[in-house]
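Peer 1:
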Amino acid sequence: MLTKIILIRHGQTTWNIEGRFQGQSDVELMPEGIEQAQKLADSFPLTTLDAVYCSDLKRTRCTAKIIADKFNLPLNTTAQLREMNFGKWEGMFFDDINKKWPNAINNFFADPLSITIPDGETFSQVQNRAIDAIDNIISNNSGNTIAIVAHGAINRTILSYAANIPFNHIWSVAQSNTAYNIFSYDDEYKKFYIHTINNTSHLLV
Numbered sequence: 001m002l003t004k005i006i007l008i009r010h011g012q013t014t015w016n017i018e019g020r021f022q023g024q025s026d027v028e029l030m031p032e033g034i035e036q037a038q039k040l041a042d043s044f045p046l047t048t049l050d051a052v053y054c055s056d057l058k059r060t061r062c063t064a065k066i067i068a069d070k071f072n073l074p075l076n077t078t079a080q081l082r083e084m085n086f087g088k089w090e091g092m093f094f095d096d097i098n099k100k101w102p103n104a105i106n107n108f109f110a111d112p113l114s115i116t117i118p119d120g121e122t123f124s125q126v127q128n129r130a131i132d133a134i135d136n137i138i139s140n141n142s143g144n145t146i147a148i149v150a151h152g153a154i155n156r157t158i159l160s161y162a163a164n165i166p167f168n169h170i171w172s173v174a175q176s177n178t179a180y181n182i183f184s185y186d187d188e189y190k191k192f193y194i195h196t197i198n199n200t201s202h203l204l205v
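Just so we're aligned: the sequence shown equals residues 1 to 205 in the UniProt record's numbering.
1. In the DSSP assignment, find the unbroken beta strand (DSSP E) run with Ser-184 in it and report its ends.
2. Note down, one range per segment and in chain order, each beta strand (DSSP E) of at least 3 residues found wholly within the region 93-167.
3. May I ask which residues mark the beginning and end of the beta strand (DSSP E) holding Ile-194?
4. For Thr-78, name the three-state secondary structure that DSSP assigns.
5. When you compare only the Cα positions, how much space is there between His-151 and Ile-5?
6. Can you tell me which of the three DSSP states Thr-14 falls into?
7. Pick out whichever of Phe-183, Glu-35, Leu-159, Val-27 has its Cα sitting closest to the Cα of Tyr-193.
8. Leu-40 by DSSP, collapsed to three states: which one?
9. Identify which residue in Asp-50, Ile-115, Ala-41 has its Cα closest to the Cα of residue 283.
10. When the distance is taken between beta carbons, is Asn-181 closer than 8 Å to Leu-203?
11. Measure the alpha-carbon distance for Thr-145 versus Thr-3 and round it to whole angstroms.
12. Take Ala-68 and list the residues in its own chain whose beta-carbon comes closer than 6 Å to its own, dropping the five residues that flank it on each side.
13. Within a Cβ cutoff of 7 Å, which residues of the same chain sit near Ile-170, ignoring the five residues on either side of it in sequence?
14. Please name the residue, chosen from Met-1, Asn-128, Pro-31, Glu-35, that lies closest to Arg-82 on a Cα-to-Cα basis.
15. Just reading off the beta strand (DSSP E) that Ala-51 is part of, what are its end residues?
16. Just the C-alpha distance for Ala-64 and Phe-123, rounded to the nearest angstrom, thanks.
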């Protein structure tokens, strides 16, 4: 039995535009982010949905609600899908982080499993949390079509897991605001099939 998942990144925020680390700071969508989410809902790539999941942060809940309303579905929120906790980096710019913690940003992208963020999560913790989340959602929705709205690091983690990409290459997986990814899970063969990654065609409309 195939379970189909459309995995979506939230719409744009001011911190996305400014290049700040957001993490679990509860930043709201900017008007352009709401418009992006509406464009996705208006030209949604799937004709049916059985459930909509999202993190409990405002930027994903707002994005997910626009999609859920199109299909008259309730939102299922879970803290398991929250963005990575960036600790003392949250709200900071890349350059400011590098000044305070030299080479931290280079290491963050080049060898994510080695990085320790002050008062933040490790990538191993994020990996375990995101994989638990997707496994739980799939086991509770076998054979259904599910939308999940989450965050950049979470989406990349889930896609790396599904596509069997080595975790140190997580940043090679692009995830734009309101980009969608479609993949399926086969219960019988215990296997994922990747169909689409980082599709933003709805933003061209």
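Beta carbons are placed, not taken as given, at the ideal position from N, Cα and C, and that holds for glycine. This one's a predicted model, so the numbers in the text were calculated from it and none came from an experiment.
Peer 2: Looking at the atomic coordinates:
1. It spans 180-186 - the beta strand (DSSP E) in which Ser-184 sits, taken as one unbroken run.
2. Those beta strand (DSSP E) runs which fall completely within the region 93-167 and span 3+ residues are 145-150.
3. Note, Ile-194: beta strand (DSSP E), 191-199.
4. Judged by DSSP in its simplified three-state form, Thr-78 adopts coil rather than helix or strand.
5. His-151 and Ile-5: Cα-Cα distance of roughly 15 Å.
6. Helix.
7. The option with the nearest alpha carbon to Tyr-193 is Phe-183.
8. Reduced to three states, the DSSP call for Leu-40 is helix.
9. Nothing about residue 283 can be reported from this structure: the residues present for the chain run from 1 to 205 only.
10. Their beta carbons are not under 8 Å apart, which means Leu-203 does not touch Asn-181 by this criterion.
11. Between Thr-145 and Thr-3, the C-alpha separation is close to 6 Å.
12. Same-chain partners within the cutoff: Val-52, Leu-75.
13. Here the set comprises Pro-112, Arg-156, Thr-157, Ser-160.
14. For Arg-82, the nearest C-alpha among the options comes from Asn-128.
15. In this chain, the beta strand (DSSP E) harbouring Ala-51 covers 51-54.
16. In this structure, the straight-line span from the alpha carbon of Ala-64 to that of Phe-123 is close to 25 Å.
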